[in-house]
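First up is the structure itself, then whatever we jot down about it.
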Amino acid sequence: MKRYEQGSIPFEIEEFLELTSDAVVSLDYNLKIVSFNPAAELLFGYTFEEVSGKPLDLLIPEEFKDIHHSHVGKFKAEAKTARQMNTRSLVTGKTKDGGRLTLGISIHKHNAASTRRLTAICQNVSIGAVISNALASSESRLARAQTIAHIGNWEWDIVSGSLRWSDEIFRIFGLQPQEFEATYEAFLDIIHPEDRQRVSDAVNEAVENDTPYSIVHRLICPNGEEKVVQELGEILRDSHGNPLRMDGIVHDITKEWKIKEALLQATGEARKADEAKSRFLASMSHELRTPLNAVLGFAQVLKDDTTHPLSPDQVDRVGYIIDGGRHLLKLVNRTLDLARIEAGQMELLLDEVHANEVVEDCAAMLTPQARLQGVKIIDEFSTGPSAYLHTDQLRCNQILVNLLSNAIKYNHKSGTVTIRGHETNDGYLHLSVTDTGIGIPEKDYEHLFVMFHRIEMTDRPAVEGTGIGLAASKALVESLSGRIGFESEVGVGSTFWIELPLLSEEAGKL
Ligand code: ADP
């Protein structure tokens, strides 16, 4: 028996009827079934042969037959040719084995003289069907979320030993579901041999001692690809504490792992390069100092030789050698110092330090230099209330001398350098050195503390310097757990400040 008469409908419609998941049932005007597609067979449980030519009543429960007939009668009589599913109330249908179906139905009538047909498209909206549809759609959403996040979930029935994986786990492990025998042992096989024992120990530990299961390990996929996954799991126990089931997730972190590894390697290499640089600088500086001291020493001997005195011209020339040599020695010494600080080789002697004394000493030390430049040092700090630091006095001295020396060097004639200080709320002493000098252009801010950086000055005679002082000061301040900064305005002046830890009450008692 043929489901559709030859040529009675276009082949596209025939294909649609065969493939759609909606049940489609056609009736003649006597309400006898003339067509019944595969989805209708599935829904009602009858084959087409069983229902062909039979009354529609076959598919309707006894108690609904009358009302149904009256509805169909009305529809046949009215002018409207179709009624949509969502504009009509639900209909109760009956399956071959007597079960009830709640159906949403669209109906259409074809009222030509040659063929008069009623066609119904039925969807099962019974609670079970709705739940299973909802379940299917939420499962597909979950699967999609798992694919996006590269996270799969597993359930391991500890009692029976069976294992269930979500599709994403198969994808992560590079397996086809049918290839994998879902047992714990088969799972261990996929783990990288060097990690297998660790994973198995972690699982045993979780099962026996109830410790959280959390582990990162490698896998070897069947195609040889190595992956890194993170696993987290939880044990479900019965009321006696016996393990029943373990639920867990597998997160594919291969990409993140590779990035982290590359970053670690790059950081390690950068650190090594930096250490090598500092070692090189330290040893170079050392190698340079010895011959340089010889040059300076013998130049001085030549200059001071009264037995064989030099001519005035020669004295001048030897003077240049000595000046150049001293400058070079200063440069070498500072480079060595900075290299030591950067290599962490500088020893610090942390002690109770009276900040007012340090500032007073530094100001006194630089007064002759300031006088030479016509600059006045105003010390507003050391005569004020005493402040005690927990720091290295020598290094603290060195930093202040650097800042004061710059404030004098980059100042105008008859300018001032003012030292101020106050305690901060977070336990530091804030010391500032303000000059009325040339100021610093904004474009140089970012390089100011970089070694050998000096600001080009075209409109002023060159100031002697090495470009090391600020870099060394910053390194020193940081090694003393302090902070350093500045504010500046071109033509008005600059304020460089440092903040060093105050002696706390606890430390003071020691
Ligand atoms: P140096 O003074 O030996 O050149 P520093 O590292 O101490 O090296 O300073 C770096 C540069 O910062 C200096 O060359 C100078 O251009 C600028 N600078 C530092 N202090 C001041 C200041 N108080 N006023 C203006 N410019 C300054």
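Numbering of the sequence shown is given in the numbering used here, commencing with residue 26 and proceeding in unit increments. Yeah, the Cβ is synthetic: ideal placement off N, Cα and C, and Gly gets one too.
- Among D53, N55 and L67, nearest to E43 - alpha-carbon criterion: By one-based count along the sequence shown, residue 43 stands at place 18. Looking at the Cα atoms, L67 is the closest of the given residues.
- Message: Between L356 and L321, how many whole angstroms is the CB-CB distance? I'm expecting something under 8 Å.
- Response: Locating residue 356 in the sequence shown gives position 331, where the first residue counts as 1. Locating residue 321 in the sequence shown gives position 296, where the first residue counts as 1. Going by Cβ atoms, the distance from L356 to L321 rounds to 13 Å, so no, they are not a contact pair.
- Message: Is the beta carbon of G464 closer than 9 Å to that of R479?
- Response: For this step, residue 479 is matched to residue 454 along the sequence shown. For this step, residue 464 is matched to residue 439 along the sequence shown. No, Cβ-Cβ distance for R479 and G464 is not below 9 Å.
- Message: Are there any heavy atoms of ligand 1 lying less than 8 Å away from the beta-carbon of V426, as far as the coordinates show?
- Response: Sequence index remark: in the sequence shown, residue 426 carries index 401 (1-based). V426: no, Cβ never under 8 Å from ligand 1.
- Query: How should E524 be labelled, buried or exposed, when 16 other C-beta atoms within 10 angstroms of its C-beta is the threshold for buried?
  - Reply: Mapped onto the sequence shown, residue 524 falls at position 499. Answer is buried; the Cβ neighbour count reaches 16.
- Are the beta-carbon atoms of F474 and S498 separated by less than 9 Å? The count along the sequence shown starts at 1 and reaches residue 474 at position 449. The count along the sequence shown starts at 1 and reaches residue 498 at position 473. Yes, Cβ-Cβ distance for F474 and S498 is below 9 Å.
- Would you grab the beta carbon distance between I85 and K119 for me? Rounded to a whole angstrom, and I think it's under 8 Å. For the purposes of this step, residue 85 is identified with residue 60 of the sequence shown, where counting begins at 1. For the purposes of this step, residue 119 is identified with residue 94 of the sequence shown, where counting begins at 1. With 8 Å as the limit, I85 and K119 qualify as a contact, their Cβ atoms being about 6 Å apart.
- Task: Kindly indicate which residue of S77, F100, G516 and A65 has the alpha-carbon position closest to the one of V59.
- Result: Within the sequence shown, numbered from 1, the residue matching residue 59 stands at position 34. If we check each option's Cα against that of V59, S77 comes out closest.
- Use the C-beta contact count for A291: other C-beta atoms within 10 angstroms, 16 or more gives buried, fewer gives exposed. If you number the sequence shown from 1, residue 291 lands on position 266. With fewer than 16 Cβ atoms within 10 Å of its Cβ, A291 is classed as exposed.
- Query: What number of angstroms, rounded off, separates the C-alpha of F323 from the C-alpha of D417?
  - Reply: Locating residue 323 in the sequence shown gives position 298, where the first residue counts as 1. Locating residue 417 in the sequence shown gives position 392, where the first residue counts as 1. Looking at the two C-alpha atoms, the distance is approximately 36 Å.
- Indicate the three-state DSSP secondary structure (helix, strand or coil) for R445 in the structure shown. On the sequence shown, position 420 is the one that residue 445 refers to. It is a strand residue.
- Message: By the DSSP assignment, the beta strand (DSSP E) with K401 in it spans what residues?
- Response: As a working mapping, residue 401 is identified with position 376 in the sequence shown. Run containing K401: K401 to D404, per the beta strand (DSSP E) assignment.
- Message: I need the straight-line Cα distance from L81 to S131, nearest angstrom please.
- Response: If you number the sequence shown from 1, residue 81 lands on position 56. If you number the sequence shown from 1, residue 131 lands on position 106. Approximately 16 Å, taken between the alpha carbons.
- Query: How should G446 be labelled, buried or exposed, when 16 other C-beta atoms within 10 angstroms of its C-beta is the threshold for buried?
  - Reply: Within the sequence shown, residue 446 is the residue found at index 421, counting from 1. With 16 or more Cβ atoms within 10 Å of its Cβ, G446 is classed as buried.
- Applying the criterion that 16 or more other CB atoms from any shown protein chain within 10 Å of the CB defines a buried residue, is V517 buried or exposed? Your numbering for residue 517 matches position 492 in the sequence shown. V517 should be labelled exposed.
- Does the Cβ of N149 have 16 or more other Cβ atoms within 10 Å, making it buried, or fewer, making it exposed? Residue 149 sits at position 124 when you count from the first residue of the sequence shown. N149 should be labelled buried.
- Item | Identity of the residues DSSP links to D573 by a beta bridge | Residue 573 cannot be examined here, being either before or after the span of the chain that is shown, 26 to 535.
- Query: Are L363 and I493 close, meaning C-beta to C-beta below 9 Å?
  - Reply: Taking the sequence shown and counting its residues from 1, the one referred to as residue 363 is at position 338. Taking the sequence shown and counting its residues from 1, the one referred to as residue 493 is at position 468. Against a cut-off of 9 Å, the Cβ pair of I493 and L363 comes out as a contact.
- Task: Decide if the region 268-287 is in contact with the region 180-198; the criterion is three or more beta carbon pairs, one per stretch, under 8 Å apart.
- Result: yes
- Item | Which listed residue (L52, S114, L456 and N431) has its alpha carbon closest to that of L495 | Taking the sequence shown and counting its residues from 1, the one referred to as residue 495 is at position 470. Comparing Cα-Cα distances from L495 to each of L52, S114, L456 and N431, the minimum goes to N431.
- Message: Taking 8 Å as the limit between beta carbons, can you name the residues of its chain near G409, skipping five residues before and five after?
- Response: Taking the sequence shown and counting its residues from 1, one reaches residue 409 at position 384. Only N381 and G446 meet the Cβ criterion.
- Message: Beta-carbon within less than 8 Å of G533's beta-carbon, same chain only, minus the 5 sequence neighbours each way: which residues are those?
- Response: Start at 1 with the first residue of the sequence shown, and residue 533 comes out as number 508. Its pLDDT being 47, under 50, G533 is placed unreliably in this model, and the coordinates cannot settle the point.
- Message: Here's the rule: buried if 16 or more other CB atoms are within 10 angstroms of the residue's CB, otherwise exposed. What is A395?
- Response: The sequence position of residue 395 within the sequence shown is 370, counting from 1. The residue is buried, with at least 16 neighbouring Cβ atoms inside 10 Å.
- Message: Taking 9 Å as the threshold (C-beta atoms), are C246 and F198 in contact?
- Response: Here residue 198 refers to the residue found at position 173 when the sequence shown is read from its first residue. Here residue 246 refers to the residue found at position 221 when the sequence shown is read from its first residue. In this structure, C246 lies closer than 9 Å to F198 by Cβ.
- Item | According to DSSP, residues forming a beta bridge with F521 | Residue mapping note: residue 521 aligns to position 496 of the sequence shown, counting from 1. V458 and F511, per the DSSP bridge assignment.
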